[in-house]
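Heads up: the sequence lines are chains A and B, in that order.
The numbering of the first sequence is this note's numbering, which starts it at 1 and goes up by one.
The numbering of the second sequence is this note's numbering, which starts it at 1001 and goes up by one.
For glycine and all other residues, C-beta sits at the position ideal for the given N, C-alpha and C.
Here the structure comes first, spelled out in structure tokens, and everything after it is commentary.
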Amino acid sequence: MTSVLEARAVTLEGRLSPTELHCRAGEMVAVIGPNGAGKTSLLRAIASIEISAGQVRICGEDAAQSAPARRMRLLSFLPATRSLIWPITARDVIALGLPAPDAGRIDELVEVLELQQLAERPVNHLSTGERSRVLLARALAARPKLLLLDEPLSNLDPYWVLKTLEILRTETKTNGSAVLTSVHDLNQVTAFDRAILLNHGRVVADGEPSKMLASTALAEAFRIEKASSGWRIREGA
Amino acid sequence: MIRALPLLLFVLALLAALSLLAPLGSLTELRRTDPNLAWQLIEELRLPRTLLALGYGAVLGLTGAALQATFANPLASPDITGTSSGAAFGAVAGAYWLGITGPLALAACGAMGAALALCGLLLVAGRRSETATLLLAGVAIALAAGAGTSLLLALAPSPFAFYDSFEWLMGSFVDRSMPQAVTALVPAAIACVVLASRGRALDMMALGDDVAASVGYRPRRLAVEVVALNAIAVGACVSVCGAIAFVGLIAPYAARSLTRGHPGRALVPAAVIGALLLLLADLLVRLAPAGRTIPVGVITTAIGTPLFIWIVVRMRRTVAA
């Protein structure tokens, strides 16, 4: 499969040790790790929002050197915060994710994310979960090659967690893109093709999600262990 | 926005014509007795006055909109952030203490005072602070700058400093000359043109600094640019016309209703609405009884205060909902 992301020695001083990372087209990768492990820092560094050293190439291009319109086609970043203060309509927020006006694409996303009732409402009047869907639609709008999503499944009800995963799967298949997303709920990790475990700002494991969940590296990083009915705090943690 | 803008520009042109001609009675009378003097009245007194009202209003509207987009706060404006008071402090320090008389040098003093106030605000409140923090920090800086201005005037070498500067401090366009108008408006216009070109980036910042940075904009650099350009534009205008309140708050608020809430797209409409408001206020001032002068800043404050309260009440309702 074609390589979408090639990150070499990506570093964020004090928060992320030099990290190598590759993602292929159609691949959905979950970034997991305890609070403060460096998940958001990794996503932000790859998006060139804040990076101390290293090189990031998306589909062979240095996105950091690209103009905004090209960069929108290469990557999109969804921050964990859902705070929106301006009374911009949901439809207009989606439009901000497009390098050029495309009413057809907005209509498509409004339908896919079931935003018909919310499309003309100001986003600052929507609930956090509704805003999450609008902001996800904005992130998907330009059909970017790499989707960097910080906790896209937070604040969503079970239907929307499954629906979002389904939408991401469809988008990656259709566009040949890759998804790199931070995930907090370990039960959601098996929905991904691959999981990367971060701890203390470095990648400590990278592999198949079900194996990762059973690994000692994960148990040590989170200070939890498998129990008959889910997870429990490790003894002596 | 596109539909409403031509109408606003048409009303603005009408008000500008009215500003040049009103009060019409004295002009007609003068035209009959001395046509040259009538023309001189328009050219030397009413034209600079009209240009200053138009230009300063546009500056307040546009800079207010840019500050609100940068601080992600609908209550940020040159007066609320203390920029205008800082500019007044700078101009007074330059005029009464450093003995500066050149209009351009005074405009630079005003710009430095405004920049100082904005830097103080950034230090005290930060850029993405809560509304209450921003307001309190802005009020503190405005009060400090106001007290500093009063102190400088009270201790100024000239015993008439307070009396001389009263009308200017309250904001006025009366008896300003064409060179003064040029001094205020040329740097302000350059700063505003650069600011207006940042609309798309400011709209993207509505989705957060990280989203804007991820598509290639530089939020921190943009914030520094907005602060510097604000200081130049507001500082230059304040040094000639004094501080005028509320236009920079109300105009962007009204403009955003024409741009479906987009803070960046609202920059140019806010400039047009700001010009319209200040021109209207200056026309109202002319209704004062003969021999009496009402500073235009008094009118904007009288109209702006209830509107400000209304905005705060609306914001409270939105938060409560």
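- Whose C-alpha, out of B/L1276, B/N1036 and B/L1104, is nearest the C-alpha of B/A1013? B/L1276
- Query: Counting pairs of Cβ atoms below 8 Å between the region 1058-1075 of chain B and the region 1241-1253 of chain B, do you hit three or more?
  - Reply: yes
- Message: Contact criterion: CB-CB distance below 8 Å. Does B/Y1217 meet it with respect to chain A?
- Response: yes
- For B/V1211 and chain A, any beta-carbon pair shorter than 8 Å? yes
- If you drop the 5 nearest sequence neighbours on each side, which residues of the same chain put their C-beta closer than 7 Å to that of A/S182? V31, K39, T40, L43, D150 and E151
- Task: Measure the CB-CB distance between B/G1146 and B/S1239 and report whether it falls below 8 Å.
- Result: no
- Message: Tell me the DSSP secondary structure of A/C59 in three-state form.
- Response: coil
- Taking C-beta to C-beta, are A/L218 and A/A227 nearer than 8 Å? no
- Query: How big is the Cα-Cα spacing for B/G1216 and A/R71?
  - Reply: 7 Å
- Task: Identify whether B/D1164 lies in helix, strand or coil by the three-state DSSP scheme.
- Result: helix
- Check A/H125 in the structure and name its three-state DSSP category. helix
- Whole-angstrom distance between A/D107 and A/S83, CA atom to CA atom: 24 Å
- Give the single residue among A/T172, A/R57 and A/G201 whose Cα lies nearest to the Cα of A/F192. A/T172
- Message: Please report the straight-line C-alpha distance between B/I1141 and B/P1074, rounded to a whole angstrom.
- Response: 18 Å
- Query: First and last residue of the alpha helix (DSSP H) that includes B/A1053?
  - Reply: L1047 to F1071
- Message: With H, G and I counted as helix, E and B as strand and the rest as coil, what does DSSP make of A/A100?
- Response: coil
- Task: Pair every Cβ in the region 1263-1274 of chain B with every Cβ in the region 1108-1126 of chain B, then say whether three or more of these pairs are closer than 8 Å.
- Result: no
- Message: In the DSSP output, what is A/L78 paired with across the bridge?
- Response: A/L149
- Message: I'd like the list of long-range same chain contacts for A/V4, defined as Cβ closer than 7 Å, with 5 residues on each side in sequence excluded.
- Response: C23, R24, A25, I58, C59, K145, L146, S177 and A178
- Query: Between the region 1195-1206 of chain B and chain A, which residues of the former have a C-beta closer than 9 Å to a C-beta of the latter?
  - Reply: R1200, A1201, D1203, M1204 and A1206
- Could you pull out every residue in the same chain whose Cβ sits closer than 8 Å to the Cβ of A/Q188, ignoring the five residues on either side in sequence? A30, L153, V161 and L165
- Item | For B/W1310: DSSP bridge partner residues | Answer is none; B/W1310 lacks a bridge partner.
- Going by DSSP, what residues sit across from A/R24 in a beta bridge? A/S3
- Message: Please list, in chain order, the chain B residues whose beta carbon lies closer than 8 Å to that of A/T181.
- Response: Near A/T181 there are no residues of chain B at all, since even the closest Cβ is about 14 Å away, more than 8 Å.
- Let me know the secondary structure DSSP gives A/P18 once reduced to three states. strand
- Query: Excluding five sequence neighbours on each side, which residues of the same chain lie with their C-beta closer than 7 Å to the C-beta of B/L1152?
  - Reply: V1092, A1093, Y1096 and W1097
- Task: Work out the CA separation of A/G230 and B/A1132 for me, nearest whole Å.
- Result: 44 Å
- chain A contact residues for B/A1072, given Cβ-Cβ distances below 7 Å: I85
- Message: So, for B/A1087: in the same chain, excluding its five sequence neighbours on each side, which residues have a beta-carbon less than 6 Å away from its beta-carbon?
- Response: G1110, G1113, A1114, V1234, G1235 and V1238
- Within 8 Å (strictly less), CB to CB, does B/P1263 reach chain A? yes
- Message: How far does the alpha helix (DSSP H) with A/W231 in it extend, from its first residue to its last?
- Response: Run containing A/W231: none in the alpha helix (DSSP H); it sits in the beta strand (DSSP E), G230 to I233.
- Message: Judging by CA-CA distance, which residue of B/M1204, B/L1121, B/L1283 and B/A1066 is the nearest neighbour of B/L1015?
- Response: B/L1283
- If you scan the region 154-218 of chain A from start to end, which runs of the beta strand (DSSP E) of 3 or more residues do you find wholly inside it? 178-182, 194-199 and 202-207
- Query: For B/I1294, which of helix, strand or coil comes out of DSSP?
  - Reply: coil
- Using a Cβ-Cβ cut-off of 8 Å, state whether A/T81 counts as contacting chain B. yes
- Item | Every unbroken alpha helix (DSSP H) within the region 1125-1182 of chain B, with a cutoff of 4 residues, ordered by chain | 1131-1154 and 1161-1169
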